[in-house]
Amino acid sequence: MTEVPPPLPQDPGGYPPPPPAAGAPGLPGGNFEIWLRRVGAYIIDVIPVALLSGIGGGIAGGTATTADCIGESYGDPMTGGMSYMSCQPEYTGVGWAAYILFTLAAIAFAVWNWGLKQGTTGSSIGKGLLGIRVLGEATGQPIGFGMSVVRQIAHFLDAVICYIGFLLPLFTAKRQTIADMLVKTVVVPK
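Residue numbering for the sequence shown follows the UniProt record's numbering, beginning at 1 and increasing consecutively.
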């Protein structure tokens with residue numbers, strides 16, 4: 001005796017379930033929505049790096065002296081001649097130390113955030129706050145420290161072509177930048 005398989009599940013009214021919505025299969029969320037989250041996440045991630053760099057530069061500039069000034073005159077300034085003076089700052093030892101220390105802190109933060117944190121959890125601080133993750137296209141898992149750093153370096157290719165690579169997620173089926181295509185990653189909602 002053979003048993004008849006049960007009928008397929010149906011919606012009320014006897015109709016089959018509707019087909020899936022148009023878009024890239026397996027990638028929830030709209031292209032524009034995810035792209036805006038990516039932009040927002042980048043801004044959030046860059047703020048600490050910019051602050052650390054700015055503090056170091058501010059201390060270096062604030063402690064600098066302007067002892068090295070040179071000036072030139074061409075003709076009579078009263079009849080249309082030109083003169084100018086250029087002063088070059090000389091950074092003090094404290095200024096240089098602060099600049100180097102804060103620059104190294106900014107680099108360390110960026111490597112931790114975009115390399116270690118994003119590589120092991122799938123999300124940098126900004127991506128975590130905005131609910132997106134970077135995952136391996138084939139595995140669906142975080143890509144690891146090394147590939148996350150390579151992905152960040154590969155973003156240079158997104159920028160070198162008039163930043164068009166950063167707009168590609170708006171137009172590609174898997175919402176990928178050039179860097180994402182190279183390291184085979186996708187950015188998906190959590």
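Where a beta carbon is used, it is the ideal one built from N, C-alpha and C, also for glycine.
Can you look up I34 in the DSSP assignment and give me helix, strand or coil? helix
Across the region 113-127 and the region 164-184, are there enough close Cβ pairs to call them in contact, namely three or more that are closer than 8 Å? no
Using a 10 Å radius around the Cβ and a threshold of 16 neighbouring Cβ atoms, would you call A30 buried or exposed? Rather than Ala, the amino acid found at residue 30 in this sequence is Gly. Exposed, because fewer than 16 other Cβ atoms sit within 10 Å of the Cβ of G30.
Distance check for G165 and P142, CA to CA, integer angstroms please. So the alpha carbons of these two residues sit roughly 22 Å apart.
Run of the beta strand (DSSP E) containing V187, from where it starts to where it stops: T185 to P189
What are the boundary residues of the beta strand (DSSP E) that I132 is part of? I132 to G136
Quick check: the Cα distance between R38 and Q152, rounded to an integer number of angstroms? Taking the straight line joining both Cα atoms gives about 13 Å.
Answer with buried or exposed for Y99, where buried requires no fewer than 16 other C-beta atoms within 10 angstroms of its C-beta. In summary, Y99 is buried, with 16 or more beta-carbon neighbours lying within 10 Å of its beta-carbon over all protein chains present.
Does the Cβ-Cβ distance between V188 and A110 come in under 9 Å? no
If you draw a straight line from the alpha carbon of A24 to that of E33, how long is it in whole angstroms? The pLDDT assigned to A24 is 44, lower than 50, so where the model puts this residue is not dependable; a value taken from the coordinates is nonetheless given after this. Each residue's Cα considered, the two are about 14 Å apart.
7 Å Cβ shell around L182 - same chain, five flanking residues per side excluded: A154
By a C-beta neighbour count over all protein chains shown, 10 Å radius and 16 as the cutoff for buried, is Q176 buried or exposed? buried
Look up L153 in the DSSP assignment and say whether it is helix, strand or coil. The residue you asked about is not Leu; residue 153 is Ile in the sequence shown. The answer is helix: DSSP assigns I153 an H, G or I state.
Straight-line gap, A22 to A138 (C-alpha atoms, nearest Å): Bear in mind that a pLDDT of 49 at A22, under 50, signals an unreliable position, so the number given afterwards is only what the model happens to contain. Approximately 22 Å, taken between the alpha carbons.
In the DSSP assignment, what residue or residues form a beta bridge with C162? Looking at the DSSP assignment, C162 forms no beta bridge with any residue, so it has no partner.
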